[in-house]
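Worksheet: the structure to be examined is printed underneath.
In the numbering used here, the protein residues as written are 2 to 217.
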């Protein structure tokens with residue numbers, strides 16, 4: 002049986018508020034860029050550039066919102082299941098919109114518990130943040146419907162283990178959780194709720210993040 006992480010102490014309202022702040026932070030930049038493009042059109046200059054900015058930013062905002070709906074939102078009723086194919090599409094679309102990381106997805110497509118899919122996508126965000134200059138992120142799913150194992154391998158320049166994720170997952174964080182650290186916090190919380198154990202490792206060539214179903 003998994004032991005409870007002593008860092009997971011946020012109240013429901015605080016967790017909801019910080020997750021909302023995180024989602025708003027993710028979409029405010031592309032939405033602001035859309036507004037800038039519209040202002041350029043209103044001024045009557047650089048029409049082609051303005052339309053390109055609007056199209057790119059609208060796509061980015063749409064992709065981020067669709068990803069957030071799966072990773073943070075309800076995505077159906079309580080206890081619902083989700084197709085891992087949706088998670089794969091959301092992750093790959095996210096990377097395409099960002100234009101800096103290639104996503105390789107391995108493993109069977111399956112209908113699995115909603116929180117497991119949310120955990121997978123949040124661990125994807127953790128692994129994605131580990132290669133801020135871009136690179137390759139390989140996602141591998143094993144037996145996702147039962148004794149699941151998720152393995153995410155990040156390779157790229159300036160790789161680094163996300164410090165807040167490491168601190169929260171190992172129970173060593175001392176600072177209060179804020180909008181910047183809520184996503185790794187939520188990842189660790191989801192793992193606990195799913196009965197899965199998180200781990201991470203680092204070498205000169207790659208960073209590996211895993212979530213494994215704990216033994217009953």
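From the three backbone atoms N, C-alpha and C, an ideal C-beta is built for every residue, glycine too.
DSSP places residue 95 inside the alpha helix (DSSP H), whose first and last residues are 85-99. Pairing residue 199 with residue 54, the inter-Cα distance amounts to about 39 Å.
Three or more Cβ pairs closer than 8 Å define a contact, and the region 145-157 falls short of that threshold against the region 166-184.
Counting the other Cβ atoms within 10 Å of the Cβ of residue 89 gives 16 or more, which makes it buried. Under the three-state reduction of DSSP output, residue 160 falls in the coil class, being neither helix nor strand. With a 10 Å radius around the Cβ and a threshold of 16 neighbouring Cβ atoms, residue 201 comes out buried.
Contact annotation: the region 61-74 touches the region 15-33, with at least three C-beta pairs closer than 8 Å.
Straight-line spacing of the CA atoms in residue 179 and residue 73 works out to 16 Å. For the alpha helix (DSSP H) assignment, the uninterrupted runs of no fewer than 4 residues enclosed by the region 123-210 are, from N- to C-terminal side, 164-170, 183-195.
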